[in-house]
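Enquirer: Got a structure here, written out as structure tokens. Questions coming.
Numbering (our numbering), first residue to last: 31 to 209.
Right, dumping it as structure tokens:
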């Protein structure tokens, strides 16, 4: 089984990520693998009733491409348990914005997973944007990627994981110490 980082621990991935064929065609619904699946948003939009009828909510996830609009999945939150965001290449950062929008604006509370070209260098930044699960690229050491969570101890900007910027945290500490 494939391993992922979930809630800062390495665990077995119980989901299968479904991708389009090389020519861009999506699989037929009856050809989807058994068990828990994360399907492309395009497939979800086209075949949502059939997918929902064939699986329990906890067995369904949807992944968004960088050019998908996160607002379009909001109405479906009650029917899915995982939202994954695809990072097709290291230099494409649109998924970070999608993650923050899902958590902050649209109040997604389920699993938010980074998939695709996910590397140690970005895992901590994914977490700051609300991601809590990470499918680290297969040719990289997933256990080494865990170290990304402890590399930065003082973060300047506010983010999804801690909205208060450093200057406010520092001012609160000074006030608490009575200095």
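Each residue gets a CB set at the ideal place from its N, CA and C atoms; glycine is no exception. Here the structure is a predicted model, which means the values were calculated and not measured.
1. For the alpha helix (DSSP H) holding residue 81, just list the boundary residues, first then last.
2. For residue 109, tell me which candidate among 84, 208, 206 has the shortest Cα-Cα distance.
3. Can the beta-carbon of residue 129 be found less than 8 Å from the beta-carbon of residue 115?
4. How would you label residue 207, buried or exposed, when you count the other beta carbons within 10 angstroms and need 16 or more for buried?
5. Inspect the beta-carbon positions of residue 59 and residue 74 and report whether they are closer than 8 Å.
6. Compare the Cα-Cα distances from residue 162 to each of 132, 205, 38, 48 and report the closest residue.
7. Determine the closest residue to residue 51 out of 69, 191, 202, 80, with distance taken between C-alpha atoms.
8. DSSP three-state call for residue 53: helix, strand or coil?
9. Cutting at 7 Å between CB atoms, please list the residues of its own chain near residue 32, excluding the five before and the five after it.
10. For residue 148 and residue 117, which I take to be in contact (beta-carbon distance under 8 Å), what is that distance rounded to the nearest angstrom?
11. Once the 5 residues before and after residue 155 are set aside, which same chain residues still bring their CB inside 8 Å of it?
Expert: Inspection of the coordinates gives the following:
1. If you number the chain shown from 1, residue 81 lands on position 51. Looking at the DSSP string, the run of the alpha helix (DSSP H) that includes residue 81 is 71-84.
2. Residue 109 sits at position 79 when you count from the first residue of the chain shown. Among 84, 208, 206, the Cα nearest to that of residue 109 belongs to 84.
3. Mapped onto the chain shown, residue 129 falls at position 99. Mapped onto the chain shown, residue 115 falls at position 85. Contact: yes.
4. What you label residue 207 is simply residue 177 of the chain shown in a count that begins at 1. Exposed, since its Cβ has fewer than 16 Cβ neighbours within 10 Å.
5. Along the chain shown, read from residue 1 onward, the residue named residue 59 stands at position 29. Along the chain shown, read from residue 1 onward, the residue named residue 74 stands at position 44. Going by C-beta atoms, residue 59 is not nearer than 8 Å to residue 74.
6. For the purposes of this step, residue 162 is taken as the residue at position 132 of the chain shown. For residue 162, the nearest C-alpha among the options comes from 38.
7. Position 21 of the chain shown, counted from the start, is the residue given in the question as residue 51. If we check each option's Cα against that of residue 51, 69 comes out closest.
8. Here residue 53 refers to the residue found at position 23 of the chain shown. Residue 53: coil per DSSP, three-state reduction.
9. Here residue 32 is taken as the residue at index 2 of the chain shown, counted from 1. Contacts found: 43.
10. Along the chain shown, read from residue 1 onward, the residue named residue 148 stands at position 118. Along the chain shown, read from residue 1 onward, the residue named residue 117 stands at position 87. Indeed they touch by this definition, with Cβ atoms about 6 Å apart.
11. As a working mapping, residue 155 is identified with position 125 in the chain shown. Result list for residue 155: 126, in chain order.
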